[in-house]
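In the working numbering, the protein residues as written are 139 to 337.
Below, the structure is given as structure tokens:
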């Protein structure tokens, strides 16, 4: 079986008043590993954009108390931090932190763990989700590809054509294609399909 091509990331514009940026499991441990370390500049870019626009930034870690957020992404004193397993809504107060939000940007690691399950959980709560491709990672590049495939094709909330800001579904974008301003999505980029995963 040949892995299918994925649609390219698309530009989106989000309202900072109703958007939360969720930064998942980029800790002092995980960020020392490739390719998570490679994703840090994109994540930092999105954090800076969100803060400049006044959007909410929420951090999440695993359950281990010794885990700390990677210093380059250090949260501000008023940034919420939740701790859970893959689904960051499970047994946390993340619901409270996204109350009143209509959109969430999800970045972090692992793409096939926290990113995948938290994006699904956000959709189930009625949120429209944007996943920044350059801000997610897994130890295995195929797992990252598979997570991108799954978030677009999830049962009940499909967006297989990657229509920008399809309601209550996931849009694949990129840190340089995400902006804040008046709400609404932009037209898809004219580039070709994303490459297939490595064999």
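Cβ atoms here follow ideal geometry from the backbone N, Cα and C, with glycine treated the same way. All values reported here derive from a predicted model rather than from experimental measurement.
Is there contact here, the segment 262-272 with the segment 226-242, by at least three beta-carbon pairs under 8 Å?
yes
Could you work out which residue in 234, 169, 188 and 186 is closest to residue 199 when comparing CA atoms only?
For the purposes of this step, residue 199 is taken as residue 61 along the chain shown, with counting starting at 1. Comparing Cα-Cα distances from residue 199 to each of 234, 169, 188 and 186, the minimum goes to 169.
From 229, 189, 159 and 217, pick the residue whose C-alpha is nearest to that of residue 253; which is it?
Within the chain shown, residue 253 is the residue found at index 115, counting from 1. The option with the nearest alpha carbon to residue 253 is 159.
DSSP state of residue 294 mapped onto helix, strand, coil
As a first step, residue 294 must be located in the chain shown, where it is residue number 156. Reduced to three states, the DSSP call for residue 294 is coil.
What would DSSP say about residue 186, mapped onto helix, strand or coil?
As a position in the chain shown, residue 186 is number 48, starting the count at 1. Helix, per DSSP.
Validate contact between the segment 203-215 and the segment 280-296 using beta carbons, cut 8 Å, 3 pairs:
No, the segment 203-215 is not in contact with the segment 280-296.
Nearest neighbour of residue 318, chosen from 190, 140 and 312 [CA to CA]
Residue numbering aside, residue 318 sits at position 180 when the chain shown is read from its first letter. When only C-alpha atoms are compared, the closest one is 190.
By how many angstroms is the C-alpha of residue 184 removed from the C-alpha of residue 194?
On the chain shown, position 56 is the one that residue 194 refers to. On the chain shown, position 46 is the one that residue 184 refers to. Rounded to the nearest angstrom, the gap between the Cα atoms of residue 194 and residue 184 is 11 Å.
Hey, would you say residue 285 sits closer than 8 Å to residue 274, going by beta carbons?
Indexing the chain shown from 1 puts residue 285 at position 147. Indexing the chain shown from 1 puts residue 274 at position 136. Yes, the Cβ-Cβ distance between residue 285 and residue 274 is below 8 Å.
Roughly how many whole angstroms lie between the Cα atoms of residue 174 and residue 255?
The sequence position of residue 174 within the chain shown is 36, counting from 1. The sequence position of residue 255 within the chain shown is 117, counting from 1. Whole-angstrom Cα-Cα distance: 18 Å.
What three-state label does DSSP hand residue 157 in the structure shown?
Your numbering for residue 157 matches position 19 in the chain shown. Here residue 157 sits in strand by DSSP.
For residue 181, which residues of its own chain have a beta-carbon under 7 Å away from its beta-carbon, when the five flanking residues on both sides are left out?
Translated into positions along the chain shown, residue 181 becomes position 43. Same-chain partners within the cutoff: 161, 164, 211, 245 and 273.
My output table needs one value for residue 256: the three-state DSSP class, helix, strand or coil.
Residue mapping note: residue 256 aligns to position 118 of the chain shown, counting from 1. Three-state DSSP puts residue 256 in a helix.
Which residue comes first and which comes last in the beta strand (DSSP E) that contains residue 232?
Locating residue 232 in the chain shown gives position 94, where the first residue counts as 1. It is not in any beta strand (DSSP E) - residue 232 instead sits in the alpha helix (DSSP H) that spans 232-235.
Does the Cβ-Cβ distance between residue 271 and residue 221 come in under 8 Å?
As a first step, residue 271 must be located in the chain shown, where it is residue number 133. As a first step, residue 221 must be located in the chain shown, where it is residue number 83. For residue 271 and residue 221, no; Cβs fall outside 8 Å.
So residue 213 packs on residue 207, CB below 8 Å; how close in whole Å?
On the chain shown, residue 213 is found 75 positions in, with the first residue counted as 1. On the chain shown, residue 207 is found 69 positions in, with the first residue counted as 1. About 6 Å separates the two Cβ atoms, so the contact holds.
Give the C-beta separation of residue 300 and residue 148 to the nearest angstrom, bearing in mind that I take them to be a contact with Cβ-Cβ under 8 Å.
Here residue 300 refers to the residue found at position 162 when the chain shown is read from its first residue. Here residue 148 refers to the residue found at position 10 when the chain shown is read from its first residue. Indeed they touch by this definition, with Cβ atoms about 6 Å apart.
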